[in-house]
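S.K.: For reference, the structure I am asking about is given below.
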Amino acid sequence: MFCDAFEVHFGNPDVTGDANNKLLALVQTGSTAAHASQYTELLIHVNWSEQTKIDNFYHSLKTVVKDTIILTQLQDCPRIFKKYVDFVIEIDNHVHCREQERKLKAKANATKSTTLRSQHSTTTSTTSTSTRTPTALTSLLPLPQGIPMEIDATRTLKPRGPLTDEEKERHHHLRLCSYCGGMGHLAAACPNMSAASKKCFMDRKASFQQGKA
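Each residue of the sequence shown is one higher than the last, beginning at 1 in full-length UniProt numbering.
Here it is in structure tokens:
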């Protein structure tokens, strides 16, 4: 109670010691400018030399700022604390700009990579579709003239049925092959007839002739 009342009336009895401890424990968490401002406010309560102020200030800085400071020759570093603070703030500004530059470059590279992957995927898909198109459309293509549906089931998926009487009459009148509908030959010598179909045709013809006999 006595100490609290004393501090209310007379302030902190050990301002110097308190400021000294805070300075030793202080570390940079934001910009160097903000850190230096807080650091300087505490310095007015202690009696440190210029070199002590500089040394302790250096140890309180962020690692990335320290790593840049050590690239400067020791003899080129300011010996006056205020000038040293200005020197470090300029370094911190350069470090911050470089970090922003790296982030922007990384973002641009990520966007470029995503675009290239998307273009590659689209190209691959288009090529694959183009490659498949002839096969996929085979069943939709018209048969060449003179080739009946039954000899290319892979295109039509079902054989041709028997000719109607009207179709038979038209084939006979135009002297067309009754098998493939082509000109210049009869069904018995049809070049478009498979061996199995030709055998079946000849068997039916023989049976028909035997029936007539």
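For every residue, glycine included, the Cβ atom is placed at its ideal position computed from N, Cα and C.
(1) How far does the alpha helix (DSSP H) with S37 in it reach, from first residue to last?
(2) Taking Cβ positions, are F87 and C97 nearer each other than 8 Å?
(3) Going by beta carbon distance, what residues of the same chain come within less than 6 Å of P162, once the five residues before and after it are set aside?
(4) Evaluate the contact criterion for the stretch 65 to 72 versus the stretch 92 to 110: three or more CB pairs, one atom per stretch, below 8 Å.
(5) Just to confirm, is the Cβ distance from N21 to V46 under 8 Å?
(6) Report yes if the C-beta distance between G182 and L176 is below 8 Å; otherwise report no.
(7) Look up M183 in the DSSP assignment and say whether it is helix, strand or coil.
(8) Could you have a look at L176 and say whether DSSP puts it in helix, strand or coil?
(9) For C200, count the other beta carbons within 10 Å of its own beta carbon; 16 or more makes it buried, fewer makes it exposed. Which is it?
(10) Looking only at its chain, what residues have a beta carbon closer than 6 Å to the beta carbon of F81, apart from the 5 residues adjacent to it on each side?
(11) Give me the Cα-Cα distance between L61 and T115, rounded to the nearest whole angstrom.
(12) Mind checking which residues open and close the alpha helix (DSSP H) that includes D76?
(13) Does the distance from the C-beta atom of T32 to that of I89 stay below 8 Å?
(14) Would you kindly report the start and end of the unbroken alpha helix (DSSP H) that includes D55?
(15) Under 8 Å by Cβ, that's how I've got N56 and L24 pegged, so tell me the actual separation to the nearest angstrom.
M.R.: For this structure:
(1) Counting from 1 along the sequence shown, the entry for residue 37 is found at position 37. Note, S37: alpha helix (DSSP H), 32 to 43.
(2) Taking the first residue of the sequence shown as 1, we reach residue 87 at position 87. Taking the first residue of the sequence shown as 1, we reach residue 97 at position 97. Not closer than 8 Å, so no.
(3) Translated into the one-based positions of the sequence shown, residue 162 becomes position 162. Excluding positions up to five away in sequence, the list is empty.
(4) yes
(5) Residue 21 sits at position 21 when you count from the first residue of the sequence shown. Residue 46 sits at position 46 when you count from the first residue of the sequence shown. Cβ distance not < 8 Å, so N21 and V46 don't count as in contact.
(6) Mapped onto the sequence shown, residue 182 falls at position 182. Mapped onto the sequence shown, residue 176 falls at position 176. Cβ distance < 8 Å, so G182 and L176 count as in contact.
(7) Working through the sequence shown from its first residue, we reach residue 183 at position 183. Strand.
(8) Position 176 of the sequence shown holds residue 176. DSSP places L176 in strand when its eight states are reduced to three.
(9) Residue mapping note: residue 200 aligns to position 200 of the sequence shown, counting from 1. Burial call: exposed.
(10) Taking the sequence shown and counting its residues from 1, the one referred to as residue 81 is at position 81. Cβ neighbours of F81 beyond the five flanking positions: E50, K53, I54.
(11) Start at 1 with the first residue of the sequence shown, and residue 61 comes out as number 61. Start at 1 with the first residue of the sequence shown, and residue 115 comes out as number 115. When rounded, the distance between both Cα atoms is 40 Å.
(12) Against the sequence shown, residue 76 aligns to sequence position 76. No alpha helix (DSSP H) holds D76; DSSP gives it neither H nor E.
(13) Start at 1 with the first residue of the sequence shown, and residue 32 comes out as number 32. Start at 1 with the first residue of the sequence shown, and residue 89 comes out as number 89. Yes. Within cutoff.
(14) On the sequence shown, position 55 is the one that residue 55 refers to. From DSSP, the alpha helix (DSSP H) with D55 extends over 50 to 59.
(15) The count along the sequence shown starts at 1 and reaches residue 56 at position 56. The count along the sequence shown starts at 1 and reaches residue 24 at position 24. The Cβ separation is near 7 Å, so the contact holds.
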